[in-house]
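Enquirer:
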Amino acid sequence: MSVAGVVVGSEKIVIVEGTKNLDGTVTLVKDEVFTLEKGDRHIAYGAMHKRITDRMSHGIAEVILKASSAGKFTGTQGALLAAELRGVFISAVPSAIAVKQEHVKNLSKAGSRKVGDYTKDEVWWNEHFAGDVRKGNREAAYLILGAED
Numbered sequence: 314m315s316v317a318g319v320v321v322g323s324e325k326i327v328i329v330e331g332t333k334n335l336d337g338t339v340t341l342v343k344d345e346v347f348t349l350e351k352g353d354r355h356i357a358y359g360a361m362h363k364r365i366t367d368r369m370s371h372g373i374a375e376v377i378l379k380a381s382s383a384g385k386f387t388g389t390q391g392a393l394l395a396a397e398l399r400g401v402f403i404s405a406v407p408s409a410i411a412v413k414q415e416h417v418k419n420l421s422k423a424g425s426r427k428v429g430d431y432t433k434d435e436v437w438w439n440e441h442f443a444g445d446v447r448k449g450n451r452e453a454a455y456l457i458l459g460a461e462d
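Per the working numbering, residue 314 is the first one in the sequence shown, and the count goes up by one each step.
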């Protein structure tokens, strides 16, 4: 069974599916972006809920979700809309699937680098991940490293 690393924005959900290997590396399986439909948000949320429920029902054992963080931009419209969409995502995941929310700052493996530094480091990335993922979606892939072994 696979693990899904998920990052939710105000208008889209990035899902990267992979398996964590015994040696601590990750084999990437699938890289997807679900964009919120245009129009009334409450209708778009309903459609997104169905898409997520359907997607998570196929081979996903655990979800590692990038948690929301309080910061200087917390009160922005985009941050609030992302929090709403994160709630839609969480409610759509079937109850049999474990959902773990992680702050990326807590997932730094070495402690001295930020997650963005790891996702930009091609040498480090290729040592820890096998398979393709769009560079803009690497943060979601990185979350898989936090999955239980």
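For each residue, glycine too, the CB sits at the ideal point set by N, CA and C.
Under the DSSP definition of a beta bridge, which residues are partnered with I315?
Expert: In the sequence as presented, Ile is not what sits at residue 315; that position holds Ser. DSSP lists I373 as partners of S315.
Enquirer: Taking just the CA atoms, how far does K418 sit from V428?
Expert: Using only the alpha carbons, I get a separation of about 7 Å.
Enquirer: Have a look at R368 and S425 and give me their C-alpha separation to the nearest angstrom.
Expert: Spanning the two alpha carbons is a distance of roughly 35 Å.
Enquirer: Can you check whether the CB of H441 is closer than 9 Å to the CB of G337?
Expert: A contact, by the Cβ cut-off of 9 Å.
Enquirer: Could you compute how far the alpha carbon of A443 sits from the alpha carbon of E350?
Expert: Their backbone Cα atoms lie some 32 Å apart in a straight line.
Enquirer: Which first and last residues belong to the alpha helix (DSSP H) in which G400 is found?
Expert: Taken as a continuous stretch (DSSP letters only), the alpha helix (DSSP H) holding G400 covers Q390 to A405.
Enquirer: Could you give the distance in angstroms between the alpha-carbon of V327 and the alpha-carbon of E435?
Expert: For V327 and E435, the distance between alpha carbons rounds to 21 Å.
Enquirer: In angstroms with no decimal places, state the Cα-to-Cα distance between I410 and L456.
Expert: About 16 Å.
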